[in-house]
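Q:
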Amino acid sequence: MTDRTIAVDYLARVEGEGALHVRIHDRTVEEVELRIFEPPRFFEAFLRGRSYLEAPDITARICGICPVAYQMSACHALEHGLGLTPAPAVRALRRLLYCGEWIESHALHVYLLHAPDFLGYPDAIRMAKDHPEAVHRGLKLKKAGNALMARLGGREIHPVNVRVGGFYRCPSREELDELRPTLEEALALAEETVRFAASFSFPSVEEPYEFVALRHPEEYPMNEGEIVSSRGLRIPATRFEEEFHELQVPHSHALHSVRRDGGSYLVGPMARYALNRDRLGPRADAIAREVGLEPVVTNPFRSVLVRAVEMVYACEEALRIVGSYRPPDRPFVSSSGPFDVPGCMAATEAPRGLLYHRYALDRSGEITEAKIVAPTSQNQKRIEDDLRDVVTRSLDLDDAGLTDACERAIRNHDPCISCATHFLTLDLQRN
Amino acid sequence: MTEPSADPTVPLVLGIGNEHRGDDAVGLLIVRHLRSRLAGVATVAEVVGEGTELLDWWDGRRFVVAVDAVRAGLAPGAVVRWESGRGALPTSLGTVSSHGVSLGQAIALGDALDRRPEILVLYGIEGSNFAVGDPPSEAVLAALEPTSRRIEAEVRGRGALGRESAPRSRPDA
Chain A
1 MTDRTIAVDY LARVEGEGAL HVRIHDRTVE EVELRIFEPP RFFEAFLRGR SYLEAPDITA
61 RICGICPVAY QMSACHALEH GLGLTPAPAV RALRRLLYCG EWIESHALHV YLLHAPDFLG
121 YPDAIRMAKD HPEAVHRGLK LKKAGNALMA RLGGREIHPV NVRVGGFYRC PSREELDELR
181 PTLEEALALA EETVRFAASF SFPSVEEPYE FVALRHPEEY PMNEGEIVSS RGLRIPATRF
241 EEEFHELQVP HSHALHSVRR DGGSYLVGPM ARYALNRDRL GPRADAIARE VGLEPVVTNP
301 FRSVLVRAVE MVYACEEALR IVGSYRPPDR PFVSSSGPFD VPGCMAATEA PRGLLYHRYA
361 LDRSGEITEA KIVAPTSQNQ KRIEDDLRDV VTRSLDLDDA GLTDACERAI RNHDPCISCA
421 THFLTLDLQR N
Chain B
1 MTEPSADPTV PLVLGIGNEH RGDDAVGLLI VRHLRSRLAG VATVAEVVGE GTELLDWWDG
61 RRFVVAVDAV RAGLAPGAVV RWESGRGALP TSLGTVSSHG VSLGQAIALG DALDRRPEIL
121 VLYGIEGSNF AVGDPPSEAV LAALEPTSRR IEAEVRGRGA LGRESAPRSR PDA
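Given below as structure tokens:
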């Protein structure tokens, strides 16, 4: 009998501190734990006693890569609870802001995190020496996303222009028109990114995911829609907590979100694409067909292609919004109360997947309870399931090879966990 | 952020940091000391230190000084100076940032992509407390003025040299 333990003590440079532990006994994978040991950050507690108007700015600080997602989920939840309906132009601007975040985040993921895995480099810096044109392309795309964020949000990181009910200030038509050349270039670069990613060799893997994402009657989902799953679930966001539960597990400070039956599920680009393939814009649809991207992608390694296609969509959607924009009469709508709302709930689509917020307010508009379920929390159990499959398939690899396979399995899903390439220091124990 | 000056021969001084995280504010505080002193001599800017943003700032520049908090195992407030072309950046100088591409990674990425200044000087001030909401430590505050004077002297001296030679071509980035 042999025991084999793969223990990675520190997942460096993640949005949260984590480790990986795998125990194998007689060629049977007995334990796979993605250990998130960063101390709890208590954002839900910070929100208590604060005005509902502060929620978008406080929650934006949860993540430096996807602050818009937190702002959007907070705004939609509170507006839903308070019965506020922002102007159509504000709705479009929010979608435009989200496009910026998707472009920025996906560009970082594709070029700096994921591509080195496929091209055989330990990190993007060494890849850049041999493929400078690819990295230049990724940086240009990221810069285009940043430009949208800065123009609408006031700055690239942690935008300051978003408020419940709309924006503090809406841009003029001319201010948005100035972005058009940048976005047109970005669209072409995003299409080139799809072709670039399509040239990679992908391991042959299929995973039995239950995909969960928003679905909107007309649009590829960002801010609005019902929560649907590939196994037939279809609910409004107000029923999220009836169908999804958060569990505490001994090995992680991050809660695991699971389906009602305890099963794992996957949110993020693969889920969005699988459940909304028919909502892509014409350019994204065309490039997906050109490279033969299947309508439902169940190979996690091919998520890089899905992200690239979503970048194309975000660029063409941004151009569409810029082209049709007329500034609203008022940048925001506000509520005069009553504020004592027990349940303000919404979900939006962060770059990494569904992001659910719920707030309860007292009569003065102070937050009395907050609940935030982030994509990373929802995908943790599914990542462990992926890792179990990877290890089972790869038992004949030596320890270095097995560790590398595990790293790649994590990077397939979650740049918030593994937001820098090749971040593991390996501590391997054998019996 | 302030847009980078179009003139690549104008020296650039970048203060990197987060003023809400204790000693991580030191880069910002130093360039605030320097802004008026270097008026007309250099472009002075405060940045969060996200690596791809740094590439945009320094790409093709003649002479850039970056000032940031570091953890290099020194006494709090100690100052380290590193200059490009004179050995690799110690990895300990590249790990303070919590953003996607750190300062150290940005330097390496800039080297790989030929998106770097001709001369990059990094002043690192050893920090001890990076807690959210805390003020900078006394040791770091004590380093502000002497470090500012040192940087000012260097920029005045080397900046003039930089203006004498023709700007190099910028890579298509």
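Chains as they are written, first to last, in the numbering used here: chain A, 1 to 431; chain B, 1 to 173. Even glycine gets a Cβ: it sits at the ideal position worked out from N, Cα and C.
Cβ atoms of B/G22 and B/E46: under 9 Å apart, would you say?
A: The answer is no: Cβ separation not under 9 Å.
Q: Out of A/L387, A/R382, A/L397 and A/R408, which one is the CA nearest neighbour of A/V212?
A: Answer by Cα proximity: A/R382.
Q: Got a sec: is the Cβ-Cβ distance from B/V121 to anything in chain A below 9 Å?
A: So no, B/V121 is outside the interface.
Q: If you draw a straight line from the alpha carbon of A/E294 to that of A/A128, how long is it in whole angstroms?
A: Taking the straight line joining both Cα atoms gives about 29 Å.
Q: Which residues in chain B have a C-beta closer than 9 Å to the C-beta of A/V135? List them in chain order.
A: Under the 9 Å cutoff, chain B gives L109, A112 and L113.
Q: Answer yes or no: does any C-beta atom of chain B fall closer than 9 Å to that of A/N146?
A: Output row for A/N146: interface = yes.
Q: Taking only three categories from DSSP, how would you classify A/R13?
A: Note that A/R13 has pLDDT 34, beneath the 50 cutoff, so the model's placement of it is unreliable and the number below is only indicative. Three-state DSSP puts A/R13 in coil, outside helix and strand.
Q: Quickly, what does DSSP pair B/G15 with across the bridge? List them, please.
A: According to DSSP, B/G15 bridges with B/E46 and B/V67.
Q: From the DSSP secondary-structure annotation, give me the bridge partner or partners of A/K371.
A: Answer is A/R358.
Q: Within its chain, find whatever has a CB closer than 8 Å to the CB of A/N223; leave out the 5 residues flanking it on each side and keep chain order.
A: Taken in chain order, the residues that qualify are M72, H76, R91, R94, R95, Y98, T348 and E349.
Q: Locate the beta strand (DSSP E) running through B/L120, then write down its first and last residues.
A: Its beta strand (DSSP E) spans residues I119 to E126.
Q: If you draw a straight line from the alpha carbon of B/R86 to that of B/A66, how long is it in whole angstroms?
A: Approximately 16 Å, taken between the alpha carbons.
Q: In or out: A/F167 buried (at least 16 other Cβ within 10 Å) or exposed?
A: Its Cβ being crowded by 16 or more others within 10 Å, A/F167 is buried.
Q: Does the distance from the CB of A/L119 to the CB of A/H136 come in under 9 Å?
A: Taking 9 Å as the Cβ cut-off, A/L119 and A/H136 do not qualify as a contacting pair.
Q: In chain order, what residues of the stretch 40 to 59 of chain B put their CB closer than 9 Å to some CB of chain A?
A: Taking 9 Å as the Cβ-Cβ cut-off against chain A, the residues of the stretch 40 to 59 of chain B that qualify are V48, E50, T52, E53, L55 and D56.
Q: Would you say A/E156 lies against chain B (beta-carbon separation less than 9 Å)?
A: Closer than 9 Å to some Cβ of chain B, the Cβ of A/E156 qualifies, so yes.
Q: Short of 8 Å in beta carbon distance, which residues of its chain neighbour A/L187, apart from the five on each side in sequence? Order them along the chain.
A: Counting only Cβ-Cβ distances below 8 Å, and skipping sequence neighbours, we find R283, V312, C315, E316 and L319.
Q: Please report how far the alpha carbon of A/A274 lies from the alpha carbon of A/V306, in whole angstroms.
A: Those two C-alpha atoms are separated by around 9 Å.
Q: Do A/T2 and A/D438 come within 9 Å of each other at the CB atom, strictly closer than that value?
A: Given that chain A is displayed from residue 1 to residue 431, the structure contains no residue 438 of chain A and the question cannot be resolved.
Q: Rounded to whole angstroms, how far is the Cβ of A/L214 from the Cβ of A/I227, which I believe are closer than 8 Å?
A: The Cβ separation is near 6 Å, so the contact holds.
Q: Between the Cα of A/P351 and the Cα atoms of A/L139, A/V333, A/A308 and A/T392, which residue gives the shortest distance?
A: The shortest C-alpha separation from A/P351 is found at A/A308.
Q: Could you tell me whether any non-hydrogen atom of the ligand SAH is closer than 8 Å to the CB of A/R330?
A: Absence of the ligand SAH is noted for the structure shown, with no ligands found whatsoever.
Q: Considering only their Cβ atoms, is the gap separating B/S137 from B/S148 smaller than 9 Å?
A: In this structure, B/S137 does not lie closer than 9 Å to B/S148 by Cβ.
Q: Name the DSSP beta bridge partners of A/H245, please?
A: A/V258, per the DSSP bridge assignment.
Q: For A/E191 and A/F43, what's the separation of their Cα atoms in angstroms?
A: If I take the Cα positions, the gap works out to 38 Å.
Q: Count Cβ pairs between the stretch 390 to 406 of chain A and the stretch 360 to 379 of chain A that sit closer than 8 Å; are there 3 or more?
A: Taking 8 Å as the limit for Cβ pairs, the verdict is that the stretch 360 to 379 of chain A does not touch the stretch 390 to 406 of chain A.
Q: Please confirm if A/I58 has its CB atom under 9 Å from at least one CB of chain B.
A: So no, A/I58 is outside the interface.
Q: Take B/W57 and list the residues in its own chain whose beta-carbon comes closer than 8 Å to its own, dropping the five residues that flank it on each side.
A: Excluding residues within five positions, the ones whose Cβ falls inside 8 Å are P4, L12, L14, A45, V47 and V64.
Q: Kindly give me the distance between the Cβ atoms of A/E210 and A/L266, rounded to whole angstroms, as I take these residues to be in contact under 8 Å.
A: About 7 Å; that satisfies the 8 Å criterion.
Q: At which residues does the alpha helix (DSSP H) containing A/R307 begin and terminate?
A: It spans S303 to S324 - the alpha helix (DSSP H) in which A/R307 sits, taken as one unbroken run.
Q: Looking at chain C, is there any beta carbon in it that lies within less than 9 Å of the beta carbon of B/V101?
A: Considering every chain present, this structure includes no chain C. Its protein chains are A and B.
Q: Shorter than 9 Å from the beta carbon of B/S98 to some beta carbon of chain A?
A: Caution applies to B/S98, whose pLDDT of 31 falls short of 50 and renders its modelled position unreliable; the model cannot decide the point.
Q: Are the CB atoms of A/L34 and A/I65 nearer to each other than 9 Å?
A: Contact flag unset, no.
Q: So, at 7 Å on beta carbons, what are the nonlocal neighbours of A/L47 in its own chain, with the 5 sequence-adjacent residues on each side left out?
A: Correct list, in chain order: A55, I58, I367 and A370.
Q: A/C75 bridges to which residues according to DSSP?
A: Answer is none; A/C75 lacks a bridge partner.
Q: Label A/T392 either buried or exposed according to how many other C-beta atoms from any shown protein chain fall within 10 Å of its C-beta, with 16 as the threshold for buried.
A: Result: exposed.
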